[in-house]
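Below: one structure, written as structure tokens.
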Amino acid sequence: MQIEKHLIDEYNHPLAKKHQRNFEHIAADINNLDSILKKLVAFNVAIPSWALGTGGTRFGRFSGGGEPRSLEEKIEDVGIIHALNRSSNSISLHIPWDIPDNATSIKQLASQLGLHFDAVNSNTFQDQANAAHSYKYGSLHHVDKLVRSQAIEHNIQVIDYGKELGSKALSVWLSDGSNFPGQLNFRQAFQRTHESLQEIYNALPNDWKLWIEYKPFEPNFYSTTIGDWGQSLLLANKLGDKAATLVDLGHHLQGTNIEQIVSLLLMEGKLAGFHFNDSKYGDDDLTVGSINPYQLFLIFNELVEGMDARGMAHATAIGWMIDASHNVKDPMEDLLQSVQALKIAYAQALLIDTKALKAAQQDNDVTLAQEILQQAYRTDVRPLIAEAGLQAGGSLDPIGAYRKLEVRNNLIKERGLKTIATGL
Ligand code: RM4
Ligand code: MN
Ligand code: MN
């Protein structure tokens, strides 16, 4: 299924007047309106191939209908999301959940829909059918060289798939760790991980990056071999310029100051990008901005400030991606909500009066500094997002349009009620 542009225009039409009123109201107070709108139009967030189906927990999974049955159908779903919001122009593949058997036709389908391929993700946290060795006790950190070699080979194969599709980064998340004290020698596990990553790094094309993700716990509950940003950064520094740290918002212990981590990684030129989601307790993989939108805004504040300080192009200098799991919502509605939340946080960060903030910091005027940040955060920027979407050819209200056009019902008719997508 594809959404034709005229259907979006027809949907927008009756909403246009009200939008214009709201937009003019906010626009009146913004000096650099054009530049903000341009940045919002340029901003795109990659959709993970594993998040287009219903997610589950270890207790169960309640699939919805019309889930994509193949990689082609996943790409079509991203095409629908992108047609509605014009801010989701790429897809990130997880292999082997989504193997691009025929790269040429896959690429062609994607480009017809205005999409390209973001980072490719390897998977050494599950055993694959017919694999010679098991990852029960880890992969790149494993005590057995044969297991490590199998995991290294897999990563190199993922790079090869990515090359065919035009990806420019390999994203590695390891579940390697230990469940009980005494199980592992931390130092040696880390050194083996470094050696394994070095082999993978050596296989990267020159214009590629290696993104190293960290996570404090789960599926291992005592230690994770790349457990935090310090460990990831240590590896990235040892490996070289092509390696950097990937921040998944759900991969921190409660109360962690993620925005400070982001600021320092940016300062070091070592922020690879993001897996956006939200969480209340752990790696909950909830809709972006659904639990703690203020934290998201503070992260975007650091991003805008830190990227501007280094002269980086916001839209392209790092990887922007969602990593979420939709257990009770329609995955596409959830993804539309997530992208919308990201654009809201970004727009609010762009509104911050940076000059005044710097002066307040210099004067140790704590109250004023907070006022300046919250002035931006408390601005309803939704008319700006709607205007940017409209200018880019999308819908004034992506979820409203998705529902009005009965996308899910159409997909159920096309694919059936009991389809199950590969993924989380
Ligand atoms: C992990 C991590 C990875 C993702 C897997 C599916 O918790 O967030 O990025 O690939 O889940
Ligand atoms: Mn992740
Ligand atoms: Mn995760």
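Counting along the sequence shown from 1, when you hit position 145 you're at 148 in the numbering used here, and nothing is skipped either side. Beta carbons are placed, not taken as given, at the ideal position from N, Cα and C, and that holds for glycine.
For K110, the distance from the CB to the nearest heavy atom of ligand 1 is not below 7 Å. A distance filter of 7 Å between CB atoms and the heavy atoms of ligand 3 selects the following residues in sequence order: K218, D251, G253, H254, H278, D286, D288 and D326. Going by C-alpha positions, Q351 is about 15 Å away from D311.
Membership of I94 in the beta strand (DSSP E) is indicated by the continuous run S93 to S95. In this structure, the alpha-carbon of L268 lies about 44 Å from that of H9.
Among the bridge pairs identified by DSSP, W323 is matched with F277. With a cut-off of 7 Å, the C-beta of E216 is classified as near ligand 2, since at least one heavy atom of the ligand falls inside that distance. Comparing C-alpha distances from D337 to each of T57, S199 and L360 shows the shortest one belongs to T57. For A49, the secondary structure class from DSSP, reduced to helix, strand or coil, is strand. About 6 Å separates the beta carbon of V48 from that of S91, a gap short enough to meet the 8 Å contact definition. Judged by DSSP in its simplified three-state form, S38 adopts helix. Taking a contact to require three or more Cβ pairs closer than 8 Å, the region 229–236 and the region 280–300 do not qualify as touching. Using a Cβ distance threshold of 8 Å, L420 and G59 do not count as a contacting pair.
Spanning the alpha carbons of Y14 and A86 requires a straight line of approximately 13 Å.
Inter-segment contact for the region 159–171 and the region 106–125 is present: three or more beta-carbon pairs are separated by less than 8 Å. Secondary structure note for S174: its beta strand (DSSP E) is the uninterrupted segment A172 to V175. Just so you know, the alpha carbons of A31 and L387 end up roughly 12 Å apart. Counting along the chain, K361 sits inside no beta strand (DSSP E); it lies in the alpha helix (DSSP H) bounded by residues T357 to Q365. Not a single heavy atom of ligand 2 lies less than 7 Å from the C-beta of W232.
Your pair I155 and I83 does not check out as a contact, with CB atoms roughly 37 Å apart and the cut at 8 Å.
In the DSSP assignment, W214 falls within the unbroken beta strand (DSSP E) covering K212 to E216.
For L289, the pairing in a beta bridge is given by DSSP as D281.
Relative to ligand 2, even the nearest heavy atom lies 7 Å or more away from the CB of W53.
With respect to the C-alpha of W211, the residue from I321, S181 and N133 having the closest C-alpha is I321.
With 16 or more neighbouring CB atoms inside 10 Å of its own CB, K346 falls in the buried class. In the structure shown, the three-state DSSP call for F128 is coil. DSSP places A246 in the uninterrupted beta strand (DSSP E) bounded by A246 to D251.
Taking 8 Å as the cut-off, the Cβ atoms of A54 and G426 count as close. The closest heavy atom of ligand 1 lies less than 7 Å from the beta carbon of H97. Between the beta-carbon of G230 and that of K241 there is about 16 Å, and that puts the pair past the 8 Å contact cut. Note on P71: 16 or more other CB atoms within 10 angstroms of its CB, so buried under the neighbour-count rule. Within the same chain, Cβ atoms closer than 6 Å to the Cβ of S293 are found at D281, the five residues on either side in sequence being excluded. Under DSSP, the beta-bridge partners assigned to R64 are G59. Taking all protein chains shown into account, L256 has fewer than 16 neighbouring C-beta atoms within 10 Å of its C-beta and is therefore exposed. The DSSP-derived three-state label of T107 is helix.
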